[in-house]
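First residue of the sequence shown: 2, per the numbering used here; consecutive thereafter. Working notes for the structure below.
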Amino acid sequence: MTLRAASTAAADRARIRAGEHTGPTSGLAPGLAQANLVILPADESLDFPRFCVRNPKPCPLLEVTDTGSAHPDCVAADADLRTDLPRYRVFRDGRLVDEPTDIAQFWRSDLVAFLLGCSFTFEWALAAAGLPIAHQAQGVNVPMYVTNRRCISAGRFDGPLVVSMRPFAPDVISHVVDISARFPAMHGAPVHIGDPEEIGIDDLAAPDFGDAVVVGADEVPVFWACGVTPQAVAIQARPSLAIFHAPGHMFITDRHHDDFDTGESHDHP
């Protein structure tokens, strides 16, 4: 991590903390990895790391904070998870109760924060390879869908896989697979390519989270496991309190994308 990179991350987090940026974070802090956020009470989170280990595609675990700490020491020690994301989603007993721009009023000394890898990292790699990202080109949030695939349960945590979708021309899909597979800590290779109905998606124009994108007549939808999965799972787990990032409104770390590049390709899913 360079001093310049750290300064960029800190500056963007400061803008978010000040309320100057409340939208999606795609495109902010170029070159730096972003993360999904899950916050749970300590006594209700014991099975969540096990859930992540069993479901590494949607839940690649980057860091777990100390109980009561809002500071992710490994990926951005000077950050505050209560204020440094543009928007949050707060659930009580599986029911959405608020979508605030900071969670100071909800913070408690028994909370534990989990940071999960984010697909914006492989999007950076795809863009660097000259492969355009549809939602960026169209100026919208990435579309996300609840599928008919089930995650592997761990205690109370059980539920459906959520995927994000990006369309590509058929002749570049193998390249897309190889590039994204180099980042297993950021969801890795796609989990499905082609017919959305095979994974329980009836209408690409009606995503469960994010915004619809236009899929060209010469393009194929490509689906990746998504870090919004824990939100779908939490609705079923019904913890007394659960706090997440709003979809697309991520936490900006001080870590560069290259830190997560394994250089390893992958077979076609």
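Each residue gets a CB set at the ideal place from its N, CA and C atoms; glycine is no exception.
Boundaries of the alpha helix (DSSP H) harbouring R51: 49-55, taken from the DSSP string. Contact check between the stretch 87-99 and the stretch 160-169: fewer than three CB pairs, one atom from each, fall below 8 Å, which does not count as touching. Using a 10 angstroms sphere on the CB of L47, the tally of other CB atoms stays under 16, which defines it as exposed.
The alpha helix (DSSP H) runs lying completely inside the stretch 177-251 and spanning 4 residues or more are 230-238, given in chain order.
Along the length of the stretch 4-90, whole alpha helix (DSSP H) runs at least 4 residues long occupy 4-18, 49-55, reported in chain order. In this structure, V164 sits near M145, with a CB-CB distance shorter than 8 Å. A straight-line Cα-Cα distance of about 8 Å links L41 and P240.
Within the DSSP bridge table, the entry for V164 names Y146, A226 as partners.
Look at V141 here: in three-state DSSP terms it is coil, with no helix or strand label.
Residue state for T263 is assigned as coil, using DSSP reduced to three classes.
The beta carbon of V214 sits closer than 6 Å to those of A135, H136, Q139, P144, all from its chain and outside the five residues before and after it, given in chain order. By the criterion of at least three beta-carbon pairs nearer than 8 Å, the stretch 48-58 is not in contact with the stretch 196-205. DSSP places L97 in the uninterrupted beta strand (DSSP E) bounded by 96-99. Within the DSSP bridge table, the entry for F123 names no partner. With 16 or more other Cβ atoms from the protein chains shown falling within 10 Å of its own Cβ, G228 counts as buried.
In the displayed model, A170 falls within coil according to three-state DSSP, outside both helix and strand. Going by DSSP, L117 is part of the beta strand (DSSP E) stretching over 112-118. Nearest Cα to H250 within the set P61, A19, P87: P87.
Non-local beta-carbon contacts of G264 in its own chain, meaning distances under 7 Å to residues more than five positions away in sequence, involve R183 in chain order.
If the five residues before and after A170 are omitted, its C-beta is found closer than 7 Å to the C-beta atoms of D219, E220, all from its own chain and listed in chain order.
Ranking G69, G20, D260, P168 by CA distance to the CA of R109 puts G69 first.
Taking L29 as reference, the option from F252, D67, G195, D259 with the minimal CA-CA separation is F252.
N149 counts as exposed, since fewer than 16 other beta carbons sit within 10 angstroms of its beta carbon. The DSSP-derived three-state label of A128 is helix. Under DSSP, R151 shares a beta bridge with P161. Comparing alpha-carbon positions, the option among G156, S175, V173, Q237 lying closest to D44 turns out to be G156. Between A77 and T254, the C-beta gap is smaller than 8 Å, which places the two residues in contact. Scanning its chain for C-beta atoms nearer than 8 Å, with the 5 sequence neighbours on each side dropped, one finds around A128 the residues I134, Q137, in chain order.
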